[in-house]
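Following: one structure in C-alpha cells, then a few remarks.
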Amino acid sequence: MPQNRRDFLKTGGMIAGSALIAGSASQKLFATNYVKNRSGAKMKLTFKPYTLELKHVFTIATSSRTTTPVMLTEIEYDGITGYGEASMPPYLGESQETAAKFLSKVNLGQFNDPFQLEEIIDYVDSIDEGNAAAKASVDIALYDLVGKLIGQPWYKIWGYDKDKTPNTSFTIGIDTPEVVKEKTQEASEFKILKVKLGRDTDKEMIETIRSVTDTPLCVDVNQGWKDKEFALDMIHWLNERNVTFVEQPMPKTQIDDMAWLTENSPLPTIADEALQRIPDVVKAHGVYSGINIKLMKCTGMREAHKMLNLARSLDMKVMLGCMTETSCAISAASHLSPMVDWADLDGALLIGNDVFDGTKVIDGKVTLNDRPGIGVVKV
Ligand code: MG
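Taken in order, the sequence shown gives residues 1021 to 1399; the numbers are from the numbering used here.
Here it is as C-alpha cells:
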C-alpha cells in the first residue's frame, strides 16, 4: 500500500536525517512514492444542505427568522478532507438551490495539485457571476485541505500572532427595554457589544443598554440614516456614550454624503453593505474610514486576505464580520483576525446545532487553536 502524503510529511524529517548517514536510497524511494501519490490523487468535492437553528429569533430592519440555510462542503484528496461552508441568509439572494446548482458545475478533477490555490480559485470564480457564498464554500474547504497537507494552521502559514486576536462583539437584538436589559446582562462575558440602529428608537435603545453597562459599544445602522446632518448629530451623541465605531450609517448610494460624514465624524465609519469584493475596497477609500470583510460576501479566504492587505496599504480600518454560520466558516475567518481592528464573529454562538468544533470565544476573545488548516473537527 503506497504511503500517503501525511505519513510522508510526518516522517520526512527523520528520513532526511537518516539519509545523511545511510545514503540517499531510502530518501529516493520515499520521494518517488510522494510524487506518485501527488500526481495520482484527485480532489473530490461533495456538498450537502443543512439548516442552522437559531437560539433566538433574529430580527433585522426588514425581516425576522429562526433558521439559516447553509451548504456544507468537503474536498477529499489523498485520504485528507477539507471542510467548507456557505451560509445564505435569504436577503442576500443565494439559496441551497442556487448553491447546489453552482457547486455541481465545479470540476476540481482537472487540477493535479491543491496547492495551486490561485489557479483553482480563479477557475471557481469564473464559472458564473455572483454565488459568493457558494464560491466561499469551495475556497474554505480548499484552504482547510492545503493547511492540513502542510500540517499547520493558516494563521501560522500567514505569519500572524495567535495572541493578537481581538475581542469579538456580540449583538444585542432590538427588543422591549426589559428584554434588552436582560440580554445585555447575559452578555457580560463580552468586551464590546454591537447594537443595531437605524430606527426611530435609536436613542432609547442605547440608553437602555447604558442603564445596565458601561461596556464599549459599536453600532450598525444598516443604511438607516438618510440625512447627513442628522447622521452627524447622532454620531456626536453616540461618541459621548462610549461607542467605538459606526457601521454603514447611510445608504450605500449616497457616496458624497457619506464622504462628508466620514470627514466630519469623530468616530470611524465602516462600509458593510457598500462593500463586497476587492474593487469595492478602492471605492470605499476616502468615503469610509474602514471596511467590514465577510467571507460569504467576498468569496472566501483568498479574497478576504487580499482585501485585508489592500485596506491596510490604504491606511483603512478593518473589521471582520460574519453571517450566522457554523464554527467551520467562523474558524476560517478567525485566522485573519490577528490583523484586524475589530471582529464581529459571534455567528456560531447564535445557533443551537453547530456541527463543528473550532475557533472559540473565550472570555470575549477570539481564540484560535493549533489544529492544521482552519482548525475544525466534526462533532
Ligand atoms: Mg453590518
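Note that CB positions come from ideal geometry on N, CA and C, so glycine has one too.
Inset, instruction - Kindly identify the DSSP beta-bridge partner or partners of N1312. - result: According to DSSP, N1312 bridges with M1339.
Legend entry - Between the CA atoms of G1341 and K1410 - distance to the nearest angstrom: Because the chain here runs from 1021 to 1399, residue 1410 falls outside it and cannot be looked at.
Legend entry - By C-beta, the residues closer than 5 Å to any heavy atom of the ligand MG, given in chain order: Listed along the chain, these residues meet the criterion: D1240, E1267 and D1292.
Inset, instruction - Mark I1332 as exposed unless 16 or more other C-beta atoms lie within 10 angstroms of its C-beta, in which case mark it buried. - result: The sequence shown places Arg at residue 1332, rather than the Ile named in the question. Answer is exposed; the Cβ neighbour count stays below 16.
Inset, instruction - Count the other C-beta atoms from every protein chain shown that fall within 10 angstroms of the C-beta of T1071, then say buried if there are 16 or more, exposed otherwise. - result: T1071 is exposed by the Cβ-count criterion.
Legend entry - Start-to-end residues for the alpha helix (DSSP H) that takes in Y1180: Annotation for Y1180: no alpha helix (DSSP H) segment contains it, and DSSP assigns it neither H nor E.
Legend entry - Closest Cα partner of V1200 within the set K1182, I1229 and F1210: The shortest CA-to-CA distance from V1200 to any of K1182, I1229 and F1210 is the one to I1229.
Inset, instruction - Measure the Cβ-Cβ separation of V1396 and C1318 and say whether it is below 7 Å. - result: No; because the gap between Cβ atoms is not below 7 Å, this pair is not in contact.
Inset, instruction - At 4 residues or longer, and completely inside the segment 1063–1137: list those alpha helix (DSSP H) runs for me, N to C. - result: Taking only runs of at least 4 residues, the alpha helix (DSSP H) segments lying wholly in the segment 1063–1137 are 1116–1123.
Legend entry - Nearest-angstrom Cα separation, counted from Q1130 out to N1053: Only weak support exists for where N1053 lies, its pLDDT of 42 falling under 50; the value from the coordinates is given anyway. Rounded to the nearest angstrom, the two C-alpha atoms are 21 Å apart.
Legend entry - Inter-residue CB distance, L1281 and L1258 (contact presumed, cutoff 8 Å): Cβ-Cβ separation between L1281 and L1258: approximately 13 Å, too far for a contact (criterion under 8 Å).
Inset, instruction - Classify T1196 as buried or exposed, calling it buried when 16 or more other Cβ atoms lie within 10 Å of its own Cβ. - result: Label assigned to T1196: exposed.
Inset, instruction - Confirm, please, whether the CB-CB distance from D1361 to V1338 is below 7 Å. - result: Yes, Cβ-Cβ distance for V1338 and D1361 is below 7 Å.
Inset, instruction - Give a yes or no on whether the C-beta atoms belonging to G1167 and W1178 are separated by under 7 Å. - result: In this structure, W1178 does not lie closer than 7 Å to G1167 by Cβ.
Inset, instruction - Could you tell me whether the segment 1349–1368 touches the segment 1377–1392, where touching means 3 or more Cβ pairs closer than 8 Å? - result: The segment 1349–1368 makes contact with the segment 1377–1392, as at least three CB pairs between them are under 8 Å.
Legend entry - Cβ neighbours of D1164 in the same chain (closer than 6 Å, five flanking residues each side left out): Result list for D1164: G1102, Y1103, G1393 and I1394, in chain order.
Inset, instruction - Pick helix, strand or coil for G1393, following the three-state DSSP scheme. - result: In the structure shown, G1393 falls within a strand segment according to DSSP collapsed to helix, strand and coil.
Inset, instruction - Would you decide whether D1064 is buried or exposed? Buried here means 16 or more other CB atoms lie within 10 Å of its CB. - result: The displayed chain sequence assigns Lys, not Asp, to residue 1064. In the assembly as shown, K1064 is an exposed residue. Its beta-carbon has fewer than 16 other beta-carbons within 10 Å.
Legend entry - Nonlocal neighbours in the same chain, by C-beta distance under 8 Å from L1074, ignoring five residues either side: Cβ contact annotation for L1074 (same chain, cutoff 8 Å, sequence separation greater than five): R1085, T1086, T1087, T1088, T1344, L1370, I1371 and G1372, in chain order.
Legend entry - For P1173: DSSP bridge partner residues: Paired residues: G1393.
Inset, instruction - Rounded to whole angstroms, what's the CA-CA distance from V1144 to L1356? Just pull it up for me. - result: Between the alpha carbons of V1144 and L1356 lies a gap of roughly 22 Å.
Inset, instruction - Would you mind working out which of G1320, R1297, H1256 and M1316 sits nearest T1289, comparing C-alpha positions? - result: Ranking the options by Cα distance to T1289, first place goes to H1256.
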